[in-house]
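Chains as they are written, first to last, in full-length UniProt numbering: chain A, 1 to 695; chain B, 1 to 183.
Beneath this line is the structure, given in structure tokens, with notes to follow.
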Amino acid sequence: MKNLNKALILLMSLITIAAFSQTKTTLLYNGSSASKFDIVFMGDGFTSSNQSEFNNLVSDYFKAMFTHDNGNLDNVLSELQDAFNIYRVNLNSTQSGVTQYTCSNDDCSSNTASSKNTALNFKYSGCWNCCWMQKSSNTDNKINNALSTVGLSGADFVVVILNEPGFGGCSYGKVLSITKSMSNNVLLHELGHSVGRLADEYSKPGCFSGTNPSAVNVDKNDNPSKWNKFAKSTITTGAPTEYNVDGFEGGRYNTSCIYRPSSNSTMRGNTSLFNPPSYNEFWKRNKSKSNYNFNKPIIGNFQGNSYNDVVLHYGNYITAYPTEHPKGFTGSGAGITRPANSYVTTKRVKGPGGTWYVSSKDKFYVGDFTGDGYDDLLVFYPNNQYSRLGILKSTPTGFECIKKIYYNLPGWQMRNGDQFFIADFNGDGKDDFYIFNAVNWNQGYMGMFKSTGSNFSYVKRYDKYLPGHFMSSTDKYFVADYTGDNKEELILFNTNSKVTRMFKSSGISLSKTKEYFASLPGWTSKAGDKYHIADINGDGKDDVYIFNGTNWGPEYLLLLRSDGNEYKYIKRYDDALPGWNMNNHDKFYVADINGDGKDDLYVFNNQDWSTQYLGRVITNGSTVSVNYQSDWIGGWNLGSADKLIVDNRKTGRDNLFIHNTNWFAYMWSGTSNMYIKGMYKDYIHAFKYHDYGWY
Amino acid sequence: MKYYALLPLIFLFSALNCKNYTSKDSQNYRHKSEDVSINQGFYFTVNFEFTQDNYQLISKHQNDGNLSFDIQIPTDMFLVAYKKDKLFFYSELTDPLTMRTVGEREMEETMEKGSLNINLPKEFANKDSTKNLDIYIYKVNEYMENFESSVVLKEKLEELEQQQVIRKRYTINASQLAHFLNQ
């Protein structure tokens, strides 16, 4: 009998442990709890057989938080997602549903109507003046024990979902409890409180009499410093109304004597958009938890319009911004072409080819590999014999992984030192690539791989020699269609031997059409020569600008044109260009600046002078002339850390993207100078107005 | 690798500043907050129970990781620790005594008692260093434009207190806390 009792006690203990045991599921992990904002979802009143319902509820909330349900307008949580860790903790309650209690007027004392044995002992009244629900005396302990058991005691915010169909939620400290009937936007509103530290913009009759609230989205003044940078003197118009910032009376539970920044918003009417100061506050408070920066922008025509779009690669995330008139905008700010609001932020690119997990080591290359007129991404993960290659096809909503290649291409073992040169070498309209490696093997290799639209197939591999050329690690290759036959070929310059060779593509192989030994027409080659492939005279055959700012006393710029087989001398400039005194650290960028079909050069020098200079080297096909701007371009203060990327367009003027770690801008080329179209600090987002032009 | 002519076939089988109108100094400006990381390897989560005038240490848990803090203008409450009057640790808090009704009309109410988990650096368990450690929890009364520059020194924070834009609500007994963390 004693043994039977012991067995029963043991059995009951096991049942109890099973009933209240908790399991943790990681929905989003980006780093240690100490460095990220941890959000934990828990349930109360869900039995073991109710857990799939709880999981679905959490899944819906999770999707609302991290997908772009608002079109391209915003989802600040999604854009900031690498600042968060999200967990689901499943708690099995013994009984389904939660304890009910009655209430009347202001009497919230617990008159229990029906009692339930649940994991966290929440009680629901359905009375607004009683916060709809309340904790039991041991609820906090139970929450803390559950968190501690699964290693999440340091969580920043806990959302408890009650298995209760009635309406309501209650917030206290770091805990939010809501019933399962609460909408996604209610949760987003509550995250506005906890993650963005925002105030309610609600109001009810009354004059606000307190001191000025600390939250950025309410103020006793109608044009406070909290949001006046987003407010134009004459209020902006059109959709989205949340972005028309002014001092709107009413907020923080009072209709007067206090102001909010927009007529409606997530923090007022649970609309889908936070107003600009609120959106900005999310970033300000959480950017230090994110790896987001502008150090590695990738430019390509991913959305298929006339301008190049922007993909940022930071940590193990990519986020993409279309360069366009912002979608969803009417009225003010609608007609400004600029990198607008992110349409995807992700660390996983899924698709028929598998899932590509973005790594901080990834190297991205841009090309239209599918031939659909949209640029795609070729991504290389260098990891010695375990290197990977992926094709990420652009789609209207992001990217799709259509092929993942592990370790080896046909006839090619991938290695860290592989250099990819994107080129349509067979002229079929789909970008292919040359791949070169002379550092990981005891001889050089050059491969040609053509795109099939969904994969790459082997075309040719050269071992040790290209036709008439011994490959080495001092080779520098440049893609150029110097024959004008729409098949992109290779120009070689070897910095050691100073030889220049031109390799024509037949589509299946290369042949040498010309070689120059240490000299080109009008030019003695030196190791510091910088080649810039460009169609200088607009004849459809790629020519070349060559700059040397280091190997001689003066600096030199040479213009050579291609006749289809070899280079012919156009012009050489010694020391100065008309309107520009060349200097050692001049950096040149090929672009058709004036849109005349002849490739010009942007020239940037941010090191050699007391201030920084950005010049436009315009060619007429035989000579060049330069105009420049210095120090400031509109609201952009040129700096030593700035880097440029050309917005290389199919037609029209080629513009510029300029960036450093925390700043990003889009500059347009005007008839006589450059001007800013969009400028961003800390994050890219299109607002209707910003006093400093940061939108 | 590529010494052998047949290898391609084998492979075939196997594969298939800027920047505002204010000044150039802003170039290195990230945002006003200070992001400080304490290299420690672990930190504590302490469950506090609060009343209007007092607090109790309820439970503690040790977590792995380097606790960092980021100073932003606080909206509700904050815990601040000074070592020899210089800022040592900062954490923005949510008032544990405020309860807010969610849905329809939101409303804030004050509770008599509430609890809060606060993450604290491991140095708080060092009994020797707590001799010079002052730990306070302040309630925010009003918006403070330049809070980040005020909080770095104890005397500057006391000026804010004198101006009544913040109110000291709790003084945490550092040696009692250290003792608790070492239990």
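Beta carbons: idealized from backbone N, C-alpha and C, even for Gly.
As the structure is a prediction and not an experimental result, all values here were calculated from the model.
Quick one, which of B/98, B/107, B/120 has its alpha-carbon nearest residue 114 of chain B's? B/98
Are the beta-carbon atoms belonging to residue 676 of chain A and residue 634 of chain A less than 7 Å from one another? yes
Residue range of the alpha helix (DSSP H) that includes residue 43 of chain A: Here residue 43 of chain A belongs to no alpha helix (DSSP H); instead the beta strand (DSSP E) covers 37-44.
Using a Cβ cut-off of 7 Å (strictly closer), state whether residue 153 of chain A contacts chain B. yes
Along chain B, which residues have their Cβ under 9 Å away from the Cβ of residue 186 of chain A? 102, 103
CA-to-CA distance, residue 78 of chain B to residue 138 of chain B, given in whole angstroms: 5 Å
Between the region 618-631 of chain A and the region 639-653 of chain A, do three or more beta carbon pairs fall short of 8 Å? no
Could you give the distance in angstroms between the alpha-carbon of residue 373 of chain A and the alpha-carbon of residue 651 of chain A? 14 Å
Which chain A residues sit within Cβ distance under 9 Å of residue 55 of chain B? Ordered by position in chain A, no residue passes the 9 Å Cβ test against residue 55 of chain B, which lies about 13 Å from the chain.
Considering only residues of the same chain and omitting the five flanking positions on each side of residue 174 of chain B, which have a CB-CB separation below 6 Å? 130, 133, 135
Just checking, does the region 313-325 of chain A make contact with the region 221-235 of chain A on the three C-beta pairs under 8 Å criterion? no
Excluding sequence positions up to five away, which residues of its chain have a Cβ less than 6 Å from the Cβ of residue 353 of chain A? 401, 402, 403, 404
Continuous beta strand (DSSP E) assignments of at least 3 residues falling wholly in the region 320-388 of chain A: 344-346, 363-367, 376-381
Listing by chain order, which chain A residues have their CB less than 9 Å from the CB of residue 51 of chain B? In chain order: nothing, as chain A lies at least about 14 Å away.
Please work out which residues of its chain come closer than 6 Å, Cβ to Cβ, to residue 112 of chain A, disregarding the five sequence neighbours upstream and downstream, and give them in chain order. 101
Where in the region 165-195 of chain A do unbroken runs of the alpha helix (DSSP H), each at least 4 residues long, occur, reported from the N-terminal end onward? 184-194
Determine, using beta carbons only, whether residue 561 of chain A and residue 537 of chain A come nearer to each other than 7 Å. yes
With a 10 Å radius around its C-beta and 16 neighbouring C-beta atoms as the bar for buried, classify residue 193 of chain A as buried or exposed. buried
Please report whether the beta-carbon of residue 481 of chain A lies at a distance below 7 Å from any beta-carbon of chain B. no
Residues bridged to residue 131 of chain A by DSSP? Answer is none; residue 131 of chain A lacks a bridge partner.
Cross-chain neighbours of residue 115 of chain B in chain A, by beta carbon under 7 Å: 140, 173
Sort A/524, A/540, A/563, A/508 by Cα distance to residue 546 of chain A and report the nearest one. A/524
Residue span of the beta strand (DSSP E) that contains residue 269 of chain A, given as start and end: Run containing residue 269 of chain A: none in the beta strand (DSSP E); it sits in the alpha helix (DSSP H), 266-269.
Rank A/483, A/519, A/482, A/485 by C-alpha distance to the C-alpha of residue 495 of chain A and give the top, closest one. A/519
Any 3 or more C-beta pairs closer than 8 Å across the region 92-99 of chain A and the region 123-138 of chain A: yes
Through-space distance from residue 126 of chain B to residue 57 of chain B, alpha-carbon basis: 17 Å
DSSP three-state assignment for residue 144 of chain B, whether helix, strand or coil: coil
Contact check, residue 691 of chain A vs residue 226 of chain A, beta carbons under 7 Å: no
For residue 745 of chain A and residue 647 of chain A, I'd like the C-alpha separation in whole angstroms. An answer regarding residue 745 of chain A cannot be provided, because it is not within the stretch 1 to 695 covered by chain A.
To the nearest angstrom, how far is it from the Cα of residue 196 of chain A to the Cα of residue 389 of chain A? 39 Å
Which residues, in order along the region 138-149 of chain B, keep a beta-carbon less than 8 Å from a beta-carbon of chain A? 140, 141, 142, 143, 144, 145
Buried or exposed: which applies to residue 285 of chain A, given that a residue is buried once 16 or more other Cβ atoms fall within 10 Å of its Cβ? buried
Select from A/36, A/415, A/668 the residue whose C-alpha is nearest the C-alpha of residue 289 of chain A. A/36
Got a sec, what are the start and stop residues for the beta strand (DSSP E) residue 674 of chain A sits in? 674-681
Does residue 681 of chain A pass the burial test, meaning 16 or more other C-beta atoms within 10 Å, or should it be called exposed? buried
Counting C-beta neighbours from all protein chains within 10 Å, is the total for residue 168 of chain B 16 or more, i.e. buried, or is it exposed? exposed
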